[in-house]
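First residue of the sequence shown? That's 117 in the numbering used here, and the numbers climb one at a time after it.
The next block holds one structure in the form of structure tokens; read it before the comments.
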Amino acid sequence: MTRSLGSLFRRLLSKDSKGEEEDEEEGPAKPDSDEQEPQLKGIVTRLFSEQGFYLQMKPDGTINGTKDENSDYKFHRYHLCKPQHSTHTHSTVRPGAFPSICLVGRGSVPSLTYMQYQPRALFNLIPVGLRVVAIQGVKAGLYAAMNGEGFLYTSDLFTVEAKFKESVFENYYVIYSSTLFRQHESGRAWYLGLNKDGVVMKGNRVKKTKPSSHFVPRPIEVCMYKEPSLHDIEEKGRSRKNSGTEAPTLLNGGEKVVGQNSTEQDGGS
117 MTRSLGSLFR
127 RLLSKDSKGE
137 EEDEEEGPAK
147 PDSDEQEPQL
157 KGIVTRLFSE
167 QGFYLQMKPD
177 GTINGTKDEN
187 SDYKFHRYHL
197 CKPQHSTHTH
207 STVRPGAFPS
217 ICLVGRGSVP
227 SLTYMQYQPR
237 ALFNLIPVGL
247 RVVAIQGVKA
257 GLYAAMNGEG
267 FLYTSDLFTV
277 EAKFKESVFE
287 NYYVIYSSTL
297 FRQHESGRAW
307 YLGLNKDGVV
317 MKGNRVKKTK
327 PSSHFVPRPI
337 EVCMYKEPSL
347 HDIEEKGRSR
357 KNSGTEAPTL
367 LNGGEKVVGQ
377 NSTEQDGGS
């Protein structure tokens with residue numbers, strides 16, 4: 117009797133161990149297939165205008181130009197190395213920090229100065245079609261868009277008005293035009309542009325042959341992005357109404373449009 121019970125107990129243990137091995141072979145549970153992985157390769161960049169300004173987007177959604185390229189940085193120094201007798205090197209970089217120069221003092225521990233971006237002048241250029249990009253402010257998290265009147269505005273939702281065709285002009289500058297709107301009669305495209313004072317112009321006032329529309333991307337790094345969710349224009353309005361938030365900021369010369377009689381910025385220079 118004791119021998120038969122022992123044999124039964126061993127068989128039960130054997131079954132349990134086989135079950136555990138099968139579970140291990142199946143591996144960990146696969147992540148939810150609904151969770152979208154980053155698949156679009158874009159860049160974090162600054163956009164330098166031929167007018168002499170860096171395009172910037174402020175946290176409130178205002179867009180204009182800035183002359184000072186260093187206004188986006190704060191400097192931090194981090195120790196990267198152990199004392200000199202150690203052969204190991206450690207490097208810990210905070211997100212958004214980029215190396216500048218290595219400062220090694222006499223008899224001191226090597227250190228590295230990092231430029232920590234406060235990125236008003238940094239933009240995500242996300243490919244959303246063939247030579248079509250979304251322009252998103254890194255700090256504000258808003259998309260630049262252009263409406264049917266040629267006004268530039270910023271939105272927290274990605275819509276068809278936030279799609280810009282990216283083209284290389286004959287002088288190797290890059291120009292950005294609305295994929296949705298253009299002149300009815302001539303078919304001339306509406307462009308993103310800054311005038312000679314660094315203020316945003318209406319798209320229908322910008323010409324591709326003028327410096328106002330010419331930009332030079334100055335890439336910082338290559339990033340992988342999730343494809344932006346495309347929202348309807350009406351859905352954007354409903355979303356803001358339900359959430360109690362304000363309407364998107366329409367920009368006239370980089371400032372919010374007050375009324376229909378707002379002065380237009382004519383900067384063909």
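Think of the CB as a built atom: it goes at the ideal place given N, C-alpha and C, for glycine as much as any other residue.
Run of the beta strand (DSSP E) containing residue i, from where it starts to where it stops
i: VAL284; result: 279-284
i: GLN267; result: According to the sequence displayed, residue 267 carries Phe and not Gln. Careful: PHE267 lies outside any beta strand (DSSP E) and carries neither H nor E.
i: GLY430; result: In the structure displayed, the chain extends from 117 to 385; residue 430 sits before or after that span and is not available.
i: GLY309; result: From DSSP, GLY309 is part of no beta strand (DSSP E); its letter is neither H nor E.
i: GLY303; result: Segment: none, GLY303 is in no beta strand (DSSP E) and carries neither H nor E.
i: TYR170; result: 170-173
i: TYR259; result: 259-262
i: VAL160; result: 156-165
For residue i, the three-state DSSP class (helix, strand or coil)
i: GLY181; result: strand
i: ARG321; result: helix
i: GLU350; result: helix
i: LYS293; result: In the sequence as presented, Lys is not what sits at residue 293; that position holds Ser. Three-state result, SER293: strand.
i: PRO333; result: strand
i: PRO327; result: helix
i: VAL254; result: coil
Residue i and residue j closer than 8 angstroms at C-beta
i: PHE280; j: SER294; result: yes
i: THR169; j: LYS183; result: One detail in the question is off: residue 169 reads as Phe in this sequence, not Thr. The answer is yes: Cβ separation under 8 angstroms.
i: GLY309; j: VAL322; result: yes
i: LEU268; j: GLY314; result: no
i: ASN180; j: VAL332; result: no
i: ILE159; j: LEU241; result: yes
Nonlocal neighbours in the same chain, by C-beta distance under 8 angstroms from residue i, ignoring five residues either side
i: LEU258; result: MET173, GLY177, GLN252, THR270, SER271 and ASP272
i: GLU153; result: LYS342
i: LEU346; result: PHE274, THR275 and VAL276
Neighbourhood of residue i by C-beta distance below 6 angstroms, restricted to the same chain and skipping five residues each side
i: ALA305; result: SER293 and ARG298
i: GLY266; result: TRP306, LYS318, GLY319 and ASN320
i: ILE349; result: THR275
Whole-Å CB distance - residue i paired with residue j, under 8 angstroms assumed
i: GLU282; j: VAL244; result: 10 angstroms between Cβ atoms; not a contact.
i: THR161; j: PRO327; result: With 8 angstroms as the limit, THR161 and PRO327 do not qualify as a contact, their Cβ atoms being about 19 angstroms apart.
i: ASN263; j: GLU286; result: In fact, because the Cβ distance is near 29 angstroms, the residues do not count as touching under 8 angstroms.
i: ALA250; j: PRO344; result: 6 angstroms
i: VAL284; j: LYS157; result: About 18 angstroms separates the two Cβ atoms, so there is no contact after all.
7 angstroms Cβ shell around residue i - same chain, five flanking residues per side excluded
i: ARG236; result: GLN172, MET173, LYS174, ASP188 and LYS255
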